[in-house]
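In what follows, a single structure is set out as structure tokens and then discussed.
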């Protein structure tokens, strides 16, 4: 059985020809040497999916998936300096157009293909909130010297 990640599934659903058409029209790959707009787009998608905080996280994360990058349309993982340079220098207008194209593409699909989920058992939600209390009224509510509070757990 193939091990397909959530990230690969999301990339697989993208309208690649539409994105490549926008990239050709914007001519953002004119002087690129290996790290084209598609690679930067995949890197930024990886950044969002994995919650990266720095270019080091992006570079190291893509390096760890080195064997699977060709399935995403990337020949090799970018270095930290390449990601930083292209994020600073590449025109962001191409990504704005890609965003609106994806919004139009998936927005239309969402209206027609809503999935109804059925669950065998009722869903229970758990809320655990801290409630601020007046310390002069509730002696048991002291959890610091300046504040008083209690915790309430609620299952719906």
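Residue numbers (UniProt numbering): 1 to 156. The C-beta atom is built at its ideal place from N, Cα and C for all residues, glycine as well. Since this is a predicted model, take the numbers as computed values, not measurements.
So, with DSSP's three-state summary, where would you put residue i?
{"i": "residue 71", "result": "helix"}
{"i": "residue 8", "result": "helix"}
{"i": "residue 1", "result": "Because the pLDDT at residue 1 is just 40, under 50, the model does not fix this residue reliably, and the value given afterwards should be weighed accordingly. DSSP places residue 1 in coil when its eight states are reduced to three."}
{"i": "residue 77", "result": "coil"}
{"i": "residue 119", "result": "coil"}
Taking a contact to mean a Cβ-Cβ separation below 8 Å, would you say residue i touches residue j in this structure?
{"i": "residue 43", "j": "residue 15", "result": "no"}
{"i": "residue 45", "j": "residue 11", "result": "yes"}
{"i": "residue 58", "j": "residue 94", "result": "no"}
{"i": "residue 40", "j": "residue 9", "result": "no"}
{"i": "residue 56", "j": "residue 89", "result": "no"}
Terminal residues of the continuous alpha helix (DSSP H) containing residue i?
{"i": "residue 46", "result": "37 to 50"}
{"i": "residue 64", "result": "55 to 64"}
{"i": "residue 16", "result": "16 to 26"}
Compare the C-alpha of residue i against each of the options and name the closest.
{"i": "residue 48", "options": "120, 62 and 36", "result": "62"}
Taking contact to mean 3 or more Cβ pairs, one atom from each stretch, closer than 8 Å, check whether the stretch 54 to 74 and the stretch 88 to 98 are in contact. These segments do not touch.
Within 8 Å, do at least three Cβ pairs link the stretch 15 to 26 to the stretch 48 to 61? No, they do not touch.
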